[in-house]
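What follows is one structure encoded as structure tokens, with my remarks underneath.
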Amino acid sequence: MSKEKKQKKPKIKLGKLEKREARMGYLFVAPWIIGVLLFLLIPLGQSFYYMWFNIRITPLATVYNYVGTQNFTQIWLENPEFPQQLVTYIWQTIVQVPVIVVFALLIAIMLNGKIKCRGFFRLIFFLPVIIVSGPVMNMLVEEGAATIPSMNVQSIVNAFDQFLSHSLAESVGEIFSNMIMTLWYSGVQILIFLSALQKLDPALYEAAKIDGGSNWECFWKITLPTIKPMILLNAVYTVIFLSSNEQNSLINMIESAMFSGTKEKGYGYASAMAWMYAIVITLIVLLFFLLLGSKKDAYDRQIKKVKRAKKKELRMEKRIERRGKRNVKKLEKARKKRKYKTYDGSGDY
Amino acid sequence: MKKKLLVGVALMTSLMLALTGCGGKKGGGPSGNVDENGVTTDEITLTFWHYEDETTINMLAEKFMDKYPNIKVETRVIEDMSSDLSAAAAAGNFPDVFEGTDSDTALANQYWLDISEYFDNDPENDNLMATIKEYGIGCFDTDARYAMPMVYWPSGIFIDRNVINTLNLQMPRTDWTWAEMIQLIKDATVDTGSGMKYFGLGFYNRLDSLYGIAACSPEERALKGEFGFDGTDFDLSYWAVGEQEFSDLKLGGYVAPSQETQEMEDWTGNWDAWFGETGHVAVFSEGFWTYQNLWGLEGYQERFGLDIVPYVTPNVVDEKEHNVISTMYMGGVSTSCKYPYEAYLLLKWMGWGIEGWKERIAIYSDTSITNAAGTPLKNAQMPMPITLDQEVWEGYKALFPQDADHKPFWDDYFASVTRPVPYGWYNIAGYWNFCDQYFNKIGIHDLVDQGKAKAADYVEEATEQANYYHAEAMISYFGPGGYNVLSEEELAKYQAVVDSFAQ
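First to last, the sequence lines map onto chains A and B.
When the first sequence is numbered by my numbering, its final residue is 350 and no position is left out of the sequence of numbers.
When the second sequence is numbered by my numbering, its final residue is 510 and no position is left out of the sequence of numbers.
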């Protein structure tokens, strides 16, 4: 049995067509691999290395002074702005992500319905993604285009202040003061939801309707469970987008520390900041994963349990078999050496 | 045998490459081919990065290239000193010559080369404004010169004569004292109850900044910089008097509201209004450029009913010649420059050299030359010369009002600004760190302005902090880890300050 297992599977030589297909596959994936290598893994490794140093870039050379954890202590002890901004960011992200995702879902459902000029409306909602990015967004925000002038944000904050902590109330107020911007951030999420909605099997709805299900019930029992993975995907996308766009004050803070000429800051200091920020982002993503991650249903769990039990049983059987064989060998050996004795001491069975 | 031969050839080749300096940076190394003035005769390119008006600098660069046809000058406007220069250093395309607005950045990263040799042997530098050498502006309390003031704008007090006449007040004497200025501000604050209120003061520069230099006689303490800096350490007790006086003026209602505030809207009915256009402010503590860029524009004063004349920033002590706080962008030759002497010549031409200034005046005098915004160049950030050359000054003064009514004010003003002292971040090592990490962080200005604290309460702590940041910066910039030009005694002195602060 064991010998059979050890036998290697015979290698199947790829034909010309397969080889060509494999080459083409690698060719298509190559830009991504190069991109990840050049713009993700190498900078990631570099920044991990940098964060332990104070780095000065003089016109003649780059000077690295090992400072250990000093960059971290300096950020936490001497830069009160960073922890403050970090807390604000965490609150804002936790509050903003559900708002954006729910809004995107509602718009996607509406756009998926049979309405006139559907294509035009889809374009309208996706347009900000193309136009409002980078400097254009900054200019619009500076001009106050991200806010609704008639909305009294302060009174909203005051209202929330009565039953929420001040920082949370401020975060909620921030959402209202940047309401238009929040809506602009929903373009990609709407697109993802739309594609998921379009893949839903109409037969499910038909069957539900025949059984007397209302639209409301269909939404909760069919639509939502089916697109649940997309909700997680959109939540993660939104977290990453909110954490890395140009409006994010922490990103600006890291960038300004990176190019700061003062002796304390620079690449090392900025790298330490960036790593701490990255850990916080990961934790937020993890939080949303735990909240929205799809749990397997009871039937799946039961099958898995049975499979596990069978495997265990099989293992036990094998173990008993091995032990039996071993004992037989031992007995044979002892008998040959005449060391084996029966209970009465005769040595005969 | 063949292998050995190949190794030998490879070694010879690498040796030759090393000796000839192949594969080096742009332009290769200085060849040693120089003319009778010691200027290279090779075809070279120098890069000059600056903060000034682009058209003016490009025209000056052309004139420089006319004089030195083998030197090509490439210019660029700096958007943000820290990020632009850091990125340039990282990319290996650092400019040969540049102007900076924050000396800490330049010193912390050793951007500037020691140009003492060129500066000290240049006879033209004997005729500069006295404080440049006397206070070692650009030397940062060392024996070496790293930078020179490239752009000089003295602070200025401007008075609207129309307001003074309307309120039936006397114009002060041009060599007035600090107390006389404060009194005028108080006298000129009039609220009749009907119509717009008259304010005594409108400010861009806080009075405490001006007072830091004007606080006492040189015999009492030679104030060479902000916060009572005397070249060695700080004493913020001088600043505290000015800070409190200014805050009291604000709290007392003598100071005009700032732009884009509710107070401004209440006063003028216009949120965006600027007090300098209201015709209801008597004294202005402004940057020198405000006159050139706004009040000095043709028809501007008539349009708003103003009659602006300059006054010297007064001193507490009644003496004719005294220091004046100034904006001074410092410029230097970079440590990576291959042609430092030629770069020094370019630096001088663009900054304080007589020839360069003569060219500037010719450019400024021609009002038909305008920049990209359509503004005549003399109204586009024109600096003031720091050379005392008579011809230059005659040409410069001619760019300002020449009518008998205004000329005496301008003549007196120009005569009074010959002892500039730069704001701290231009000339004091560690000053920016002190402001960034202590002074601005705890918001002293706001606390005192709002009457929540007294400036005197911060004197002791702030002085200690300022001395610590300065000492720490001196060790870092000029100690063994930096330029390494401090003596053992100097290092020990600064280290003692750092140690005592840590305790």
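Built from N, CA and C at the ideal position, the CB exists for glycine as well.
Owing to the predicted nature of the structure, the values given are computational and were not obtained by experimental measurement.
TODO: Please look up how many angstroms separate the CB atoms of M254 of chain A and Q86 of chain A, rounded, as I've assumed it's under 8 Å.
DONE: 6 Å
Task: Whole-angstrom C-beta distance between V104 of chain B and F55 of chain B, which should lie under 8 Å - done: 5 Å
Task: Alpha-carbon to alpha-carbon, F416 of chain B and P264 of chain B - done: 27 Å
Open item on the list: Just to confirm my understanding: we take M335 of chain B, look at its own chain, exclude 5 residues before and 5 after, and list those with CB closer than 6 Å. What are they?
Closed with: P156, Y159, P429, Y433
Task: beta-carbon A480 of chain B near the ligand NAD non-hydrogen atom, thresh 8 Å - done: Among the ligands in the structure shown, none appear at all, so the ligand NAD cannot be discussed.
Task: Beta-carbon neighbours of F101 of chain B, restricted to chain A and to distances below 8 Å - done: P60
Open item on the list: Give me, in chain order, the residues of the same chain whose beta-carbon lies closer than 8 Å to that of W77 of chain A; leave out the 5 immediate sequence neighbours on both sides.
Closed with: F83, P84
Task: Nearest residue (CA-CA) to S341 of chain B, options A:L61, A:N55, A:A31 - done: A:L61
Open item on the list: Applying the 10 Å Cβ sphere with the 16-neighbour rule, what's the burial state of R426 of chain B?
Closed with: buried
Task: Residues that DSSP places opposite G339 of chain B in a beta bridge - done: B:F105
Open item on the list: Taking a contact to mean a Cβ-Cβ separation below 9 Å, would you say W439 of chain B touches S110 of chain B in this structure?
Closed with: yes
TODO: Within its chain, find whatever has a CB closer than 6 Å to the CB of N55 of chain A; leave out the 5 residues flanking it on each side and keep chain order.
DONE: N66, V68, G269
- [ ] Please go through the same chain and pick out, in chain order, the residues whose beta-carbon is closer than 7 Å to the beta-carbon of D215 of chain B, but skip the five residues on each side of it.
- [x] W246, G249, E250, F253
- [ ] Output yes or no for whether 9 Å exceeds the beta carbon distance between T285 of chain B and T297 of chain B.
- [x] no
TODO: Put W400 of chain B into one of helix, strand or coil per three-state DSSP.
DONE: helix
Open item on the list: I'd like to know whether the C-beta of N491 of chain B is nearer than 9 Å to at least one C-beta of chain A.
Closed with: no
TODO: Taking S172 of chain A as the query, report the chain B residues whose CB atoms sit under 9 Å from its CB, ordered along the chain.
DONE: Chain B residues near S172 of chain A: none, gap ~24 Å exceeds 9 Å.
TODO: Could you tell me whether any Cβ in chain A is nearer than 9 Å to the Cβ of Y118 of chain B?
DONE: yes
- [ ] Using a threshold of 9 Å, state whether the C-beta atoms of H452 of chain B and V316 of chain B are closer than that.
- [x] no
Task: Residue span of the alpha helix (DSSP H) that contains V307 of chain A, given as start and end - done: 299-337
Open item on the list: Within 10 Å of its beta-carbon, does E360 of chain A have 16 or more other beta-carbons around it, so buried, or fewer, so exposed?
Closed with: With chain A represented from 2 up to 350, any question about residue 360 of chain A goes unanswered, as that position is not in the structure.
Task: Near-chain A residues of the segment 422-441 of chain B (beta-carbon distance less than 8 Å), N- to C-terminal order - done: W439, N440
Task: Nearest to M135 of chain B (by Cα), restricted to the options B:A95, B:I393, B:A503, B:D443 - done: What sits at residue 135 of chain B in the sequence shown is Leu, not Met. Nearest C-alpha to L135 of chain B: B:I393.
Open item on the list: Since Q241 of chain B and N447 of chain B should fall inside the 8 Å C-beta cutoff, what is the C-beta to C-beta distance between them, to a whole number of angstroms?
Closed with: Looking at the sequence itself, residue 241 of chain B is Phe, so the reference to Gln does not match. Actually they are not in contact, since the Cβ atoms of F241 of chain B and N447 of chain B sit about 16 Å apart, beyond 8 Å.
Task: Neighbour-count burial assignment, I304 of chain A, 16 or more Cβ in a 10 Å radius - done: exposed
TODO: Starting from S272 of chain A, find everything on chain B with Cβ-Cβ shorter than 7 Å and list it in chain order.
DONE: Within chain B, no residue comes near S272 of chain A; the closest Cβ sits about 14 Å away, beyond 7 Å.
Task: First and last residue of the uninterrupted alpha helix (DSSP H) at P44 of chain A - done: 43-51
Open item on the list: Just to confirm the assignment, what range does the alpha helix (DSSP H) spanning M155 of chain B have?
Closed with: Not the alpha helix (DSSP H): M155 of chain B falls in the beta strand (DSSP E), residues 155-167.
Task: Closer than 8 Å at the beta carbon, the chain D residues around A94 of chain B - done: Protein chains A and B are contained in the structure displayed, whereas chain D is not.
- [ ] Please determine, among A:F242, A:A208, A:F194, A:Q248, the residue with the shortest C-alpha to C-alpha distance to P230 of chain A.
- [x] A:F194
Task: Beta-carbon proximity of A96 of chain B to N116 of chain B, cut-off 9 Å - done: yes
TODO: Would you list, in chain order, the members of the segment 75-95 of chain A that have their beta-carbon closer than 8 Å to a beta-carbon of chain B?
DONE: E79, P81
Open item on the list: By the DSSP assignment, the alpha helix (DSSP H) with N159 of chain A in it spans what residues?
Closed with: 154-162
Open item on the list: Give me, in chain order, the residues of the same chain whose beta-carbon lies closer than 8 Å to that of W185 of chain B; leave out the 5 immediate sequence neighbours on both sides.
Closed with: Y218, A221, P321, N322, V323
- [ ] State yes or no: is the C-beta of S4 of chain B within less than 9 Å of the C-beta of M52 of chain A?
- [x] This structure gives no information on residue 4 of chain B, because the portion of chain B shown stretches from 8 to 510.
- [ ] Measure from the C-beta of K74 of chain B to each C-beta in chain A and report whether the shortest distance is under 9 Å.
- [x] no
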